[in-house]
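Here the structure is laid out as structure tokens; the discussion comes afterwards.
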Amino acid sequence: MSRTRAASLRGLFAARSRALPPPVSPGCPVAEAHGLGVRLGGREVLGGIDLTARAGEVLALVGPNGAGKSTLLAALAADLRPDQGEVRIGGRPVDAWSAPELALRRSVLPQAATLSFPFPVEDVVRMGRAPWAGTALEDEDGAAVAEAMAATEVTAFAPRPFSALSGGERARVALARVLAQRAPLLLLDEPTAALDLRHQELVLRICRERARAGDAVVIVLHDLGLAAAHADRTAVLHDGRIAAEGPPAEVFRDALLSRVYRQPVEVFPHPRTGVPLVVPKRLS
Ligand SMILES: Nc1ncnc2c1ncn2[C@@H]1O[C@H](COP(=O)(O)OP(=O)(O)O)[C@@H](O)[C@H]1O
Ligand SMILES: [Mg+2]
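Take the sequence shown: its letter number 74 is residue 74 in the UniProt record's numbering, and every next letter is one higher.
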């Protein structure tokens, strides 16, 4: 059998066994949590969570340490099974998808991904393409890897061992791997934590571009200024519950944030853009 014929048969088989995700109209739900509850170590870590990630939107999850942001993201990713409620991705309960089908529908950047791959950077990014092997879109592997590396400004590191990069450089490579996966739902846990000012903005611009292209982006952030400037909606988590949800300009109020963070803050509009700025209240 010719290689071309073998490849097309493989493509046909894959297309039948693994339907590729169809495009979703802007504003339509891509991931939904309904009545979500999670217990860990005998404690309720999340309770009564209703949240929807929509196509074309950047949704920021904010809240103090231990509020449940990473747990919620893991539940939305179907990496953690909830004790109550359900998560739906692409309109179906997550249990209805096989692992390869899920991998085409959502990509996940875990918090502080302590990956210490001894592989060249380019190979690490290429791992993001694994779900597409044998599908009709396998041909896009090279372009997807190159585009993700260029977007995160890691192209120059391509041949270097991942383990020989700085923390911030590794974080960008880990993000490139997730972008190369080209899933319509991106779940990013503190992707900016180790990054300098320029690269924090770069990551949020990438999120905005992915949303403009029709994807749903859920991003855990500590920097409320970044969330205010770039997110369409934000959910403030507090003790495993959603304390407030909506556009940042509506949600970021000093009383709410001061209570949730147990730190008096002031919120005022940026003099030029009007975007809320959140700063700790200081005496002088
Ligand atoms: N495996 C676990 N066992 C017990 N408690 C856990 C476990 N993982 C997380 N927790 C607790 O759940 C709460 C929420 O954690 P997490 O979702 O990581 O918070 P966040 O990301 O908002 O900082 C924290 O109090 C944390 O200590
Ligand atoms: Mg976390």
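From the three backbone atoms N, C-alpha and C, an ideal C-beta is built for every residue, glycine too.
Assigned with DSSP and collapsed to three states, residue 71 falls in helix. Near ligand 1, residues with a Cβ at less than 5 Å from any of the ligand's heavy atoms are 40, 41, 45, 65, 66, 67, 68, 69, 70 and 71; the list follows chain order. Taking the C-beta atoms as reference points, residue 125 is found nearer than 8 Å to residue 177.
Taking all protein chains shown into account, residue 69 has 16 or more neighbouring C-beta atoms within 10 Å of its C-beta and is therefore buried.
Residue 48 is positioned such that its CB atom lies closer than 8 Å to that of residue 35.
In the DSSP assignment, residue 24 falls outside any alpha helix (DSSP H), carrying neither H nor E. An exposed status is given to residue 279, since fewer than 16 other beta-carbon atoms sit within 10 Å of its beta-carbon. Across the set 268, 205, 166 and 239, the C-alpha of 166 shows the shortest separation from the C-alpha of residue 121.
With a 10 Å radius around the Cβ and a threshold of 16 neighbouring Cβ atoms, residue 130 comes out exposed. Just so you know, the alpha carbons of residue 194 and residue 168 end up roughly 5 Å apart. Sorting 236, 282 and 240 by C-alpha distance to the C-alpha of residue 248 places 236 at the top. In this chain, residue 248 is not harboured by any beta strand (DSSP E); it is covered by the alpha helix (DSSP H) spanning 248-251. In the structure shown, the three-state DSSP call for residue 263 is coil.
In this structure, the alpha-carbon of residue 184 lies about 14 Å from that of residue 137. With respect to residue 275, residue 253 sits apart: the two C-beta atoms are not nearer than 8 Å. Residue state for residue 82 is assigned as coil, using DSSP reduced to three classes.
Pairing residue 85 with residue 240, the inter-Cα distance amounts to about 14 Å.
Going by C-alpha positions, residue 117 is about 32 Å away from residue 230.
Around the CB of residue 190, 16 or more other CB atoms lie within 10 Å, so the residue is classed as buried. By the beta-carbon neighbour count (other beta carbons within 10 angstroms, threshold 16), residue 273 is exposed.
CA-to-CA, the gap between residue 76 and residue 270 works out to about 33 Å.
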